[in-house]
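Down below is the structure, laid out as structure tokens.
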Amino acid sequence: MATLLPAIADFAAGNVEKKFPRSSGQKSERRKRKPHIIALVEESCTGCAGSPACVDYCPVDDCMYWVPDADHPPFGRIEVDPLLCIGCKLCTSKGPEGTFLEGCPWDAIELVPLAEFEATYGAMPY
-1 MATLLPAIAD FAAGNVEKKF PRSSGQKSER RKRKPHIIAL VEESCTGCAG SPACVDYCPV
59 DDCMYWVPDA DHPPFGRIEV DPLLCIGCKL CTSKGPEGTF LEGCPWDAIE LVPLAEFEAT
119 YGAMPY
């Protein structure tokens, strides 16, 4: 589970700059409880060359966002805000026999149990 995720405290303090494209779903209020799973974007994410498929399926405002690659512009990747992720799996949904229906076409998003996430990145405030 390799990722370049900023610190939980940075997300909580609002110190993470979220560039476009980013998710613009129907849910904009703070989640009511911690999810059982959290989406983590792996380093293999290519950002779908600036038109990421996963962002369009995320139902939560500003949960998924673009992170430019400073060393290789205009390339970049997508990241997930763990304080906003509701664990809905829409960013990773696949059809029968591995056919692509929704979400990441490159399987660069991993859903990890909350306990495993918090053991690696620290406890989430909510």
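Going by the numbering used here, the letters in the sequence shown line up with residues -1 to 124, in that order.
Glycine is no exception: its CB is placed at the ideal position from the N, C-alpha and C atoms.
State the DSSP-derived secondary structure class of residue i, mapped to helix, strand or coil.
| i | result |
| --- | --- |
| residue 18 | strand |
| residue 68 | coil |
| residue 106 | coil |
| residue 82 | coil |
With 16 as the cutoff for other CB atoms within 10 Å, does residue i come out buried or exposed?
| i | result |
| --- | --- |
| residue 21 | buried |
| residue 106 | buried |
| residue 75 | buried |
| residue 12 | exposed |
Relative to the C-alpha of residue i, which residue among the options is closest?
| i | options | result |
| --- | --- | --- |
| residue 82 | 117, 13, 90, 57 | 57 |
| residue 24 | 39, 48, 59, 14 | 59 |
| residue 79 | 91, 53, 67, 72 | 53 |
| residue 40 | 29, 112, 108 | 108 |
| residue 101 | 121, 73, 87 | 87 |
Between the C-alpha atoms of residue i and residue j, what's the straight-line distance to the nearest angstrom?
| i | j | result |
| --- | --- | --- |
| residue 27 | residue 47 | 30 Å |
| residue 55 | residue 77 | 14 Å |
| residue 45 | residue 64 | 8 Å |
| residue 36 | residue 17 | 21 Å |
| residue 85 | residue 70 | 31 Å |
| residue 115 | residue 31 | 15 Å |
Got a sec: is the Cβ-Cβ distance from residue i to anything in chain D below 8 Å?
| i | result |
| --- | --- |
| residue 75 | Among the chains in the structure shown there is no chain D, since it carries only a single protein chain. |
Between residue i and the rest of its own chain, which residues show a CB-CB distance below 6 Å, the 5 nearest in sequence each way excluded?
| i | result |
| --- | --- |
| residue 10 | 123 |
Identify, in the order they occur along the chain, each residue of the same chain with its Cβ nearer than 8 Å to the Cβ of residue i, setting aside the five sequence neighbours on each side.
| i | result |
| --- | --- |
| residue 103 | 46, 51 |
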